[in-house]
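K.L.:
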């Protein structure tokens, strides 16, 4: 598979979707005036990311996190200076300064920071090298990082990156990569980012920030990502299903704590007749919030999601051209905390249905023209 081009023609979100859905393994190299970046994929999941825009190397990251002291950090950097081809991660392990768990944790933060920064890159060249991680001759970094043991979902990274970007945008007119990194490090619980009153109406805040993006989507996959992004602000877990006349098929998810969650959801197909409860929701075309009725179909889904029955669920049919084309599921496991208000999400889903109608119409016009 050859995937080469410009970010002006193919957005990062689309590139990630292609590699994720295709379960590709290889190295994505991105070069622009803002810097260079490297993102490694294994079976469609992100396992490493490095960029010149990161503020500190891995040794300094361990120092900042309090895992090592200044003396140890200087020793690691000294070895790296003498042996520039030796990865900092290997130096740390050989010195006994950190564990593999420490490396995984720091590497995951670096992956998040790189992807969040890349979301701001609108110009540049990209190239995907299939089935190889050996790209040192194609891109030059001080250090090439650490490959994490359990890959990260590209969909999760895109949703979280967009959320962080939205929060920064509300505070500053022109966010840059450094602001995104600072925001990522602060976490989500800072009182100065809203306080109780704002937290109660996350749906309205998300509605304002995401509606503009929904006006000019690049593809139907971008619309589904926006729906999942919005829902992830209100629910701890969520799954989006595509609805066909007789069955429902998984499209994407967030928050599921199961192995290879994205892959399992995309492989899931459920005959609608197996669940009278879900069939009723689909036929009503109305959102639902309350207990999940138990039947053959819902038992199948909950077993897939992790086998713990939720006390409350939210279901939102997405309508295009007069019929339900998708169904959004949400719950608040594992905490089980009460749902936030969701009027904003309902409004957004109505708008998403209209955007899907527009995308379907445009595709038909193109097919007729071809």
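In the numbering used here, the protein residues as written are 289 to 658. Note that CB positions come from ideal geometry on N, CA and C, so glycine has one too. Because the structure is a prediction, the values reported are computed rather than measured.
Residue 527 bridges to which residues according to DSSP?
P.N.:
Partner(s): 541, 617.
K.L.:
What residue range does the alpha helix (DSSP H) around residue 362 cover?
P.N.:
Where residue 362 is concerned, the enclosing alpha helix (DSSP H) stretches over 358-370.
K.L.:
Compare the Cα-Cα distances from residue 352 to each of 390, 341, 330 and report the closest residue.
P.N.:
The shortest C-alpha separation from residue 352 is found at 390.
K.L.:
Taking the straight line between their C-alpha atoms, what separation do you get for residue 647 and residue 653?
P.N.:
One C-alpha to the other measures close to 10 Å.
K.L.:
Determine the burial state of residue 345: buried for a count of at least 16 other Cβ atoms within 10 Å of its Cβ, exposed for fewer.
P.N.:
Buried is the call here.
K.L.:
By how many angstroms is the C-alpha of residue 305 removed from the C-alpha of residue 510?
P.N.:
Spanning the two alpha carbons is a distance of roughly 9 Å.
K.L.:
Which parts of the segment 576-632 are runs of the beta strand (DSSP E), unbroken and 3 residues or longer, counting only runs that do not cross its ends?
P.N.:
Runs of the beta strand (DSSP E) inside the segment 576-632: 576-578, 601-608, 611-619.
K.L.:
Taking one C-beta from the segment 442-456 and one from the segment 391-408 each time, how about it: are there three or more such pairs within less than 8 Å?
P.N.:
Verdict: yes, contact present.
K.L.:
Whose C-alpha, out of 417, 392, 415, 643, is nearest the C-alpha of residue 512?
P.N.:
The candidate whose alpha carbon is nearest that of residue 512 is 643.
K.L.:
Measure from the alpha carbon of residue 322 to the alpha carbon of each residue in 298, 387, 408, then state which is nearest.
P.N.:
Cα-wise, what sits closest to residue 322 is 408.
K.L.:
Are the CB atoms of residue 532 and residue 557 within a distance shorter than 7 Å?
P.N.:
In this structure, residue 532 does not lie closer than 7 Å to residue 557 by Cβ.
K.L.:
So, for residue 609: in the same chain, excluding its five sequence neighbours on each side, which residues have a beta-carbon less than 6 Å away from its beta-carbon?
P.N.:
The residues are 645.
K.L.:
Residue 331 CB to nearest chain C CB: under 7 Å?
P.N.:
Note that chain C does not occur in the displayed structure, where there is just one protein chain.
K.L.:
Taking DSSP's pairing of strands, which residues face residue 416 in a bridge?
P.N.:
Answer by DSSP bridge pairing, in chain order: 291, 316.
K.L.:
From residue 498 to residue 362, what does the alpha carbon distance come to, in whole angstroms?
P.N.:
Taking the straight line joining both Cα atoms gives about 45 Å.
K.L.:
Can you tell me the Cβ-Cβ gap for residue 342 and residue 327, rounded? I've got them flagged as a contact below 8 Å.
P.N.:
Contact flag wrong, Cβ pair sits at about 13 Å.
K.L.:
In its own chain, which residues sit with a C-beta less than 7 Å from the C-beta of residue 563, not counting the 5 before and 5 after it?
P.N.:
Excluding positions up to five away in sequence, the list reads 583, 584, 585, 586.
K.L.:
According to the neighbour-count rule (16 or more other Cβ atoms, all chains shown, within 10 Å of its Cβ), is residue 515 buried or exposed?
P.N.:
Answer is buried; the Cβ neighbour count reaches 16.
K.L.:
Given residue 520, which residues of its chain have a CB within under 6 Å of its CB, disregarding the five upstream and five downstream residues?
P.N.:
Here the set comprises 447, 542.
K.L.:
For residue 599, which of 578, 357, 358, 422 has the nearest alpha-carbon?
P.N.:
For residue 599, the nearest C-alpha among the options comes from 578.
K.L.:
Could you give the residue range of the alpha helix (DSSP H) that holds residue 518?
P.N.:
Note, residue 518: alpha helix (DSSP H), 508-520.
K.L.:
Considering Cα atoms alone, identify which of 629, 382, 384, 308 is closest to residue 552.
P.N.:
Minimum Cα distance to residue 552 is reached at 308.
K.L.:
So which of 310, 374, 331, 296 has the shortest CA-CA distance to residue 320?
P.N.:
Considering only alpha carbons, the answer is 296.
K.L.:
Within the continuous alpha helix (DSSP H) that includes residue 407, where are the two ends?
P.N.:
Where residue 407 is concerned, there is no enclosing alpha helix (DSSP H), given that its DSSP letter is neither H nor E.
K.L.:
Cα separation between residue 431 and residue 300?
P.N.:
Each residue's Cα considered, the two are about 23 Å apart.
K.L.:
Write down the C-beta distance between residue 592 and residue 604 rounded to the nearest angstrom, noting that I regard them as a contact closer than 8 Å.
P.N.:
Contact doesn't hold; Cβ gap of about 19 Å is too wide.
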